[in-house]
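Just so we're aligned, residue 1 is where the sequence shown starts under the working numbering, counting upward by one.
Ideal placement from N, C-alpha and C gives every residue a C-beta, glycine not left out.
Notes to accompany the following structure.
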Amino acid sequence: MNCRRCGEILNANANYCWSCGARQHDSASTETVAIPVVSAPETFRPATVRGPVGSHSGQLVVATGPQAGSRFDLVNETTTTGRHESSDVLLDDVSVSRHHAVFTRTSSGRITVRDLNSLNGTYVNGARVEETTLHSADEVQIGKFKLVFWEATL
């Protein structure tokens, strides 16, 4: 499949172009698309989680992208994502800005995501956002990575 905007070659199940960020399907579509389950490669190296284990307000699970299956507990007040090696959640791909987005725990315990003026933007459930509060099962797209957010049940 090719991107509708720039012509880049894409995975047949792609909702967005990893190159230009263009949405590939009409939002009014009622078509159901099956997404294959991808397991993490055997060479997967688990991420180092910074902060106290078990005290998170939520978790990000990488659904698609090179790190599919990875899980990141949101243990700190802020969790940075990007391609830079100092990011709390390192998403190492050219479709991700060095400092792409930040997840923040509010005083009420909710988690928000804020785009850090990234080139390709940050999307929640298919809509480009500057900042929004997340809810369980929300899909956050950062570059070609799709991360599913799950709220902690304490």
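Residue i vs residue j beta-carbon contact at 7 Å
i, j, result
"residue 134", "residue 145", "no"
"residue 70", "residue 111", "no"
"residue 95", "residue 143", "yes"
"residue 87", "residue 78", "no"
"residue 140", "residue 113", "yes"
"residue 75", "residue 147", "no"
Straight-line gap, residue i to residue j (C-alpha atoms, nearest Å)
i, j, result
"residue 98", "residue 121", "12 Å"
"residue 11", "residue 65", "11 Å"
"residue 47", "residue 104", "Bear in mind that the predicted position of residue 47 carries a pLDDT of just 41, short of 50, making it unreliable; the figure below should be weighed with that in mind. Cα to Cα, residue 47 sits roughly 19 Å from residue 104."
"residue 123", "residue 117", "12 Å"
"residue 67", "residue 107", "30 Å"
"residue 84", "residue 1", "30 Å"
"residue 109", "residue 8", "40 Å"
"residue 89", "residue 3", "28 Å"
Three-way DSSP call (helix, strand, coil) for residue i in this model
i, result
"residue 24", "coil"
"residue 12", "coil"
"residue 112", "strand"
"residue 2", "strand"
"residue 105", "strand"
"residue 126", "coil"
"residue 77", "coil"
"residue 71", "strand"
"residue 52", "Because the pLDDT of residue 52 is 41, which lies under 50, any placement of that residue in the model is unreliable, and the question is left without a value."
Close beta carbons around residue i, own chain, < 8 Å, minus the five adjacent residues each side
i, result
"residue 6", "17, 19, 20 and 22"
"residue 131", "112, 113, 114 and 115"
Residues that DSSP places opposite residue i in a beta bridge
i, result
"residue 146", "64 and 141"
"residue 152", "For residue 152, which the question treats as bridged, DSSP gives no partner whatsoever."
"residue 90", "82"
"residue 58", "151"
Nonlocal neighbours in the same chain, by C-beta distance under 6 Å from residue i, ignoring five residues either side
i, result
"residue 175", "Past the boundaries of the shown model lies residue 175; the chain is included only from 1 to 154, so the question cannot be answered."
"residue 151", "58 and 136"
"residue 119", "97"
"residue 128", "121"
Cβ shell of residue i (< 7 Å), same chain only, five flanking positions each side left out
i, result
"residue 92", "83"
"residue 138", "124, 125 and 149"
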